[in-house]
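Residue 163 in this note's numbering sits at position 162 of the sequence shown; the count goes up by one each step and never skips.
Where a beta carbon is used, it is the ideal one built from N, C-alpha and C, also for glycine.
One structure is given below, encoded as structure tokens.
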Amino acid sequence: MKYNKKQKLLAIILYISIVVAMLITLVGTIYTIADIIMPTGKTEAFQSLSIGFQIAIIGGLLAGLFILITIFYGLFRKGIRFLLRIMFKDRHLAQKYKNRVAVQVIAGGLLISIFAVIVGIVIALLLELTGLSQNFLMILTYYSQGAIVLFVGLFVFLIIGLVFLFIFLMTNGYYLIIRIVMDLEEEEEEVKLEDD
2 MKYNKKQKLL
12 AIILYISIVV
22 AMLITLVGTI
32 YTIADIIMPT
42 GKTEAFQSLS
52 IGFQIAIIGG
62 LLAGLFILIT
72 IFYGLFRKGI
82 RFLLRIMFKD
92 RHLAQKYKNR
102 VAVQVIAGGL
112 LISIFAVIVG
122 IVIALLLELT
132 GLSQNFLMIL
142 TYYSQGAIVL
152 FVGLFVFLII
162 GLVFLFIFLM
172 TNGYYLIIRI
182 VMDLEEEEEE
192 VKLEDD
């Protein structure tokens, strides 16, 4: 199937966002593990090491980062194709209803409403689970820096997932609604033929 530039650009942005979210989550996980092992004094311990160990530690972290970037770069084309296949399936029903504004408005309105319900539930759960509705600054002081970075990475994943879900619902849900409208119109035509 041929994809237009807009679809390809959307898949590229989504893929890069997923990679960035993975890197943030990985850094947050490593930082959280370091916080569990040594809650305080990490910076002082690092600075007390000789310059050779400091260079080796920084070099090891950078090597790990560049290995991950190399892997993500190698998977770039496959990842983009995978996202395009999932998000934008070839549909022929849309041609029949291409210029029918009422069907498009109904489908779009329903899908946006469903998405608004999902986003509302996710935000409500986040506020209740993390206690953000109580005091945001208290949470920042309560959790370690590693846990906050991990939370940010997971939150970015959540946002990407919601965007992906929205795109998936808009493309595939739209065709489902068109299919329902088409079936209803066919039933109506059959009833008219039976009455005649």
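For the alpha helix (DSSP H) that residue i lies in, which residues bound it at each end?
| i | result |
| --- | --- |
| F83 | 77-88 |
| A23 | Contrary to the premise, residue 23 reads as Met rather than Ala in this sequence. Per DSSP, M23 belongs to the alpha helix (DSSP H) from 6-38. |
| S49 | 43-49 |
Give me the Cα-Cα distance between residue i and residue j, rounded to the nearest whole angstrom.
| i | j | result |
| --- | --- | --- |
| K201 | D184 | Nothing in the structure corresponds to residue 201, since the chain is present only between 2 and 197. |
| I59 | I119 | 42 angstroms |
| L128 | Y16 | 28 angstroms |
| I123 | T44 | What sits at residue 123 in the sequence shown is Val, not Ile. Going by the C-alpha atoms only, they are around 36 angstroms apart. |
| V182 | M171 | 16 angstroms |
| L69 | A35 | 20 angstroms |
Taking the beta carbon of residue i as the centre, do at least 16 other beta carbons fall within 10 Å, making it buried, or is it exposed?
| i | result |
| --- | --- |
| I178 | buried |
| I52 | exposed |
| F47 | exposed |
| A57 | exposed |
| T71 | exposed |
| A125 | exposed |
| Y143 | exposed |
| F54 | exposed |
| A103 | exposed |
| L151 | buried |
Write down the C-beta distance between residue i and residue j rounded to the nearest angstrom, noting that I regard them as a contact closer than 8 angstroms.
| i | j | result |
| --- | --- | --- |
| G147 | T33 | 4 angstroms |
| L84 | G174 | Not really, about 17 angstroms apart at Cβ, beyond 8 angstroms. |
| F158 | T26 | 7 angstroms |
Give the list of continuous beta strand (DSSP E) stretches no shorter than 3 residues that lie fully inside the stretch 136-170.
none
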